[in-house]
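Since the structure comes first, as structure tokens, the remarks are kept for the end.
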């Protein structure tokens, strides 16, 4: 088994991390034209939408992890955040051509994701995982006790900082202190 999409590993992830914490952020899936998947796709997406441009998903994720809530985050702070974390999508194939289709992963996609996750974990060597999406957490294989993880609602539509951020901050403090 190999990964269709290699994880994003920020330039500061291994040596500095997020205040010394190597945090893997695990999303759900990519969208694109079937048959055009490539290993560097996740890296391209994070660089383009997490660092160079503003995109709700990447901005909301950064603000929730950093404990900023609905406050503004500067472009430089957002870009620096993505330099300090690793990111991967759990599903290892395009679910549909675009997110607007609202297609969900098939059972076969979820099964393949379970088989691929240990490779992602090996490549990123995280201290902890933040899982973006309750359904993703439900579909995870059993993780070792030595690898704490916490799930929050997917940071897309209807995400409420006041509901999800306090639990996330409590988790991060329990595994590493202040992030």
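Residue numbers (the working numbering): 277 to 455. Even glycine gets a Cβ: it sits at the ideal position worked out from N, Cα and C. Here the structure is a predicted model, which means the values were calculated and not measured.
| Query | Result |
| --- | --- |
| Please report the straight-line C-alpha distance between residue 393 and residue 323, rounded to a whole angstrom. | 22 Å |
| Does residue 281 come out as helix, strand or coil in the three-state DSSP assignment? | coil |
| Which partner residues of residue 365 appear in the DSSP bridge assignment? | 303 |
| Residue range of the alpha helix (DSSP H) that residue 228 falls in? | Absent from the model: residue 228. The displayed extent of the chain is 277 to 455, so no value can be given. |
| Under 8 Å: do the stretch 324 to 339 and the stretch 381 to 396 share three or more Cβ pairs, one atom per stretch? | no |
| Taking all protein chains shown into account, do 16 or more other C-beta atoms lie within 10 angstroms of the C-beta of residue 415, making it buried, or fewer, making it exposed? | buried |
| Exposed or buried, which one is residue 345 when buried takes at least 16 other CB atoms within 10 Å? | exposed |
| Would you kindly report the start and end of the unbroken alpha helix (DSSP H) that includes residue 320? | 317 to 321 |
| Return yes when the Cβ of residue 304 is within less than 8 Å of the Cβ of residue 456, no when it is not. | In this structure the chain extends from 277 to 455, so residue 456 is not present and cannot be described. |
| Report yes or no: do the stretch 330 to 338 and the stretch 444 to 451 share at least 3 C-beta pairs separated by less than 8 Å? | no |
| Judging by CA-CA distance, which residue of 425, 289 and 421 is the nearest neighbour of residue 356? | 289 |
| Tell me the DSSP bridge mates of residue 426? | 406 |
| Helix, strand or coil: how does DSSP classify residue 294 here? | strand |
| Does the beta-carbon of residue 277 have 16 or more other beta-carbons within 10 angstroms, so that it is buried, or is it exposed? | exposed |
| Using the Cβ count rule (16 or more neighbours within 10 Å means buried), how would you classify residue 320? | exposed |
| Quick check on this structure: which residue in 348, 333, 361 and 409 has the alpha carbon closest to the alpha carbon of residue 296? | 361 |
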